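Contents: one structure, followed by commentary.
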Ligand SMILES: NC(=O)c1ccc[n+]([C@@H]2O[C@H](COP(=O)([O-])OP(=O)(O)OC[C@H]3O[C@@H](n4cnc5c(N)ncnc54)[C@H](OP(=O)(O)O)[C@@H]3O)[C@@H](O)[C@H]2O)c1
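Following this line, the structure appears as structure tokens:
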């Protein structure tokens, strides 16, 4: 019997990974930060193959030791938890330390008390590859070999730069660790902007969790509002969950960075999909011009090869499914 550990089990992406793992008959151990979250998600998933443990603080040495001590069958670790925040007061303690020290301490626990773990998949981000001015631009390019050059000094300027810095250093730390004497092989998954419905309608909120809010926040625009600038690579959250499982099962992915992006999208494209599919919003939302969109072309051939078994969901289905879920949840609240 083997089990898969998923950190941050209540998170937007982790929930989809856990749902898929359970559907594929894996035994799963998830970690969350509080007893309330443990009880809530144990009830929502309602599976005898899922155990949820409480690890209140990622950046505490040995925080995961008891989890591995209790679950000696864990052989695969998916480290997904990281603060994903657009607001923070202290970037060091709220963003940078949990990302970097949290990764180090988890890997130390695996090395010291869980030598049976043979695979670790760390959820990094395209943020680790390039500066936001490249990730969100229509010029330049990036590849799966790149690292952003955001310095610690620059990380003090905004939560976004703190996040970019934290994701790069955390991923580099994981690679350095994996290159020392350990029993596991590492793969990293680097998603683009992740959109799509939540696992549970009952989690629909305003704002929506994490980046699931990106398409949904467009519903609040008024006819004469300017369309906020946003353009970047995107992946449907359900495909991203599948990508994590493909990577953790793949021999070819051992020791590799795998960028997970389906296509480039912007707010014009997403607004156009909403206006065409939801007539109730057509006259309320601003006119958009999806044909004017221009994008960079990332060089991610190696990742595409590793993910060749994955059929990417188009942005149109992602947006329609996400908006439909929100409307359904709001209707059932009325
Ligand atoms: N969403 C995207 O577009 C995107 C793109 C690229 C990469 N990623 C990566 O994907 C991963 C998951 O992102 P997500 O979108 O699913 O975000 P999310 O919904 O905010 O989930 C983040 C998870 O990390 C946990 N967490 C945050 N800060 C923590 C801390 N200090 N100590 C312990 N746990 C903490 C959260 O717990 P609480 O709920 O208790 O705070 C939650 O379980 C992250 O590593 C992120 O960098 C996301």
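Residue numbers (the UniProt record's numbering): 1 to 334. Backbone N, C-alpha and C define an ideal beta-carbon position, used for all residues, glycine too. As the structure is a prediction and not an experimental result, all values here were calculated from the model.
Item, Value
"Sub-8 Å separation of residue 258 and residue 307 beta-carbons", "yes"
"Residue 290 vs residue 268 beta-carbon contact at 8 Å", "yes"
"6 Å Cβ shell around residue 144 - same chain, five flanking residues per side excluded", "257, 259, 300, 302, 303"
"Run of the alpha helix (DSSP H) containing residue 200, from where it starts to where it stops", "Looking at the DSSP string, residue 200 is not in any alpha helix (DSSP H), and its letter there is neither H nor E."
"Residue from 203, 229, 113 whose Cα sits closest to the Cα of residue 135", "229"
"Helix, strand or coil at residue 26 according to DSSP, with G and I counted as helix", "coil"
"Short Cβ contact (8 Å threshold) for residue 51 with residue 84", "no"
"Distance cut-off 7 Å: residue 33 Cβ against heavy atoms of ligand 1", "yes"
"Straight-line Cα distance separating residue 75 from residue 214", "35 Å"
"Beta-bridge pairing of residue 66 - partner residues as DSSP gives them", "Per DSSP, none; premise fails for residue 66."
"Any 3 or more C-beta pairs closer than 8 Å across the segment 107-124 and the segment 153-166", "no"
"Delimiting residues of the alpha helix (DSSP H) encompassing residue 264", "That residue, residue 264, is in no alpha helix (DSSP H); its beta strand (DSSP E) goes 263-266."
"heavy atom of ligand 1 below 7 Å from residue 211 C-beta", "yes"
"Simplified DSSP state of residue 297, which is helix, strand or coil", "coil"
"Exposure of residue 48, with buried meaning 16 or more beta-carbon neighbours within 10 Å", "exposed"
"Beta-carbon proximity check, residue 330 vs residue 284, cutoff 8 Å", "no"
"Check: residue 165 C-beta below 7 Å from any heavy atom of ligand 1", "no"
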